[in-house]
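Peer 1: Pasting a structure below so you can have a look.
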Amino acid sequence: MSGNLLHRQPILRRPDGVGGALPALTLIALFFVVPVVALLLRSVTEPVPGLQNYATLFGDGTYARVFFNTFLVATVVTAVTVIVAFPVAWMLAIMPPALGSIVFGIIILSMWTNLLTRTYAWMVLLQRTGVINRTLMDIGLISEPLPLINNLTGVTIGMVYIMLPFMILPLVGTLRAIDPMTLRAAALCGASPFDAFRRILLPLSLPGIAAGGLMVFVMSLGYFVTPTLLGGTSNMMLAAMIAQMIQSLLNWGLGSAAAFILLVVTMALYALQLRLVGAKRMTGGI
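With the UniProt record's numbering, the residue at position 84 of the sequence shown is 84, and numbering never jumps.
As structure tokens, this is what we get:
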């Protein structure tokens with residue numbers, strides 16, 4: 001009797017095919033596809049139908065300078081973040097688990113601090129009468145304050161500090177997966193520490209560098225608060241220009257075109273990263 005009841009009990013199965021993915025596809029369509037299509041339509045229909053908004057963005061020297069400055073800042077921030085994050089991630093990967101958990105928690109805690117508060121703190125530190133300039137002058141390294149704010153230097157310092165956790169997290173996972181015996185074997189075979197780093201550690205960590213670098217670069221392209229406060233109007237980036245076009249100038253067509261260009265560049269970089277990292281994994285990593 002009990003066997004018959006168990007046999008008759010309906011079995012719940014996970015939906016297969018398109019039906020199982022329908023809720024996710026619906027959310028993607030509503031919150032991503034529809035806004036992107038609306039953005040594209042506005043960029044080619046306002047104020048009149050045509051591609052004049054894109055022609056203005058690519059033909060005007062002022063807008064070209066904003067595009068150049070945006071990619072320059074994103075490139076510099078990504079490069080500096082990789083250089084600073086790699087030794088920190090390696091330290092986290094090799095230190096004892098208890099101590100590593102404490103340091104890792106401190107890094108995560110910095111991500112939970114309000115972004116605006118951290119940016120204003122850097123404004124106080126980097127200004128001409130700030131702690132950094134006064135300390136350097138007190139110890140005799142400089143005779144007059146350094147220009148650390150309202151320029152590329154200030155933007156780079158502030159954004160690297162904010163982007164560090166996003167580079168460290170994927171790097172730690174990649175570095176922890178590397179067998180330490182590989183580096184010991186290289187040392188036993190006569191490889192110098194630099195050769196072991198260049199020929200073994202760095203190639204094996206490329207997936208983490210690529211993932212973190214792409215995340216940092218894409219986030220830097222669309223950053224608004226930190227570049228605006230630390231860079232000033234002379235170092236305007238694309239996000240600030242889009243906000244000015246839409247909020248102040250009410251030029252939805254030009255702002256939509258700039259936003260769509262930023263989206264296309266982001267998707268192209270993501271596709272390139274998938275292609276390069278995927279090809280490297282298929283060929284064996286080194």
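Built from N, CA and C at the ideal position, the CB exists for glycine as well. Values in this document were obtained by computation on a predicted structure and should not be read as measured data.
Is the beta carbon of PRO170 closer than 7 Å to that of GLY208?
Peer 2: Here the question's residue 208 lines up with position 208 in the sequence shown. Here the question's residue 170 lines up with position 170 in the sequence shown. Closer than 7 Å, so yes.
Peer 1: Are the CB atoms of MET215 and THR81 within a distance shorter than 7 Å?
Peer 2: By 1-based counting over the sequence shown, the position of residue 81 is 81. By 1-based counting over the sequence shown, the position of residue 215 is 215. The answer is no: Cβ separation not under 7 Å.
Peer 1: Can you give, in chain order, each stretch of the alpha helix (DSSP H) that sits fully within the region 51-100 and has at least 4 residues?
Peer 2: List check, alpha helix (DSSP H) in window: 52-59 and 61-94.
Peer 1: Looking at the unbroken alpha helix (DSSP H) that takes in ARG42, where does it start and where does it end?
Peer 2: Counting from 1 along the sequence shown, the entry for residue 42 is found at position 42. Unbroken alpha helix (DSSP H) run through ARG42: 34-45.
Peer 1: MET167 and THR226 look like a contact to me (Cβ under 8 Å); what is the Cβ gap, rounded to whole Å?
Peer 2: Walking along the sequence shown from the start, residue 167 turns up at place 167. Walking along the sequence shown from the start, residue 226 turns up at place 226. MET167 to THR226, Cβ: 16 Å. No contact.
Peer 1: Assign LEU5 to buried or exposed, taking buried as 16 or more other Cβ atoms, counted over all protein chains shown, within 10 Å of its Cβ.
Peer 2: Taking the first residue of the sequence shown as 1, we reach residue 5 at position 5. Low confidence applies to LEU5: its pLDDT is 49, below 50, so where it sits in the model is not reliable, and the reading given next is rough at best. Exposed, because fewer than 16 other Cβ atoms sit within 10 Å of the Cβ of LEU5.
Peer 1: Measure from the alpha carbon of ALA185 to the alpha carbon of each residue in SER248, ALA38, PHE197 and ALA271, then state which is nearest.
Peer 2: As a first step, residue 185 must be located in the sequence shown, where it is residue number 185. Taking only the C-alpha atoms, the option nearest ALA185 is PHE197.
Peer 1: Quick one: grab the DSSP three-state call for ALA133.
Peer 2: Your numbering for residue 133 matches position 133 in the sequence shown. The sequence as given places Asn at residue 133; Ala does not occur at that position. In the structure shown, ASN133 sits in a helix (DSSP, three-state: H, G or I).
Peer 1: In chain order, what residues of the same chain have a beta carbon less than 7 Å from the beta carbon of ARG176, not counting five sequence neighbours either side?
Peer 2: Taking the sequence shown and counting its residues from 1, one reaches residue 176 at position 176. So the list reads ALA93, once near-sequence residues are dropped.
Peer 1: What would DSSP say about ARG275, mapped onto helix, strand or coil?
Peer 2: Your numbering for residue 275 matches position 275 in the sequence shown. Here ARG275 sits in helix by DSSP.
Peer 1: Do you know offhand how far VAL88's Cα is from PRO165's?
Peer 2: Residue 88 sits at position 88 when you count from the first residue of the sequence shown. Residue 165 sits at position 165 when you count from the first residue of the sequence shown. So the two alpha carbons sit approximately 10 Å from each other.
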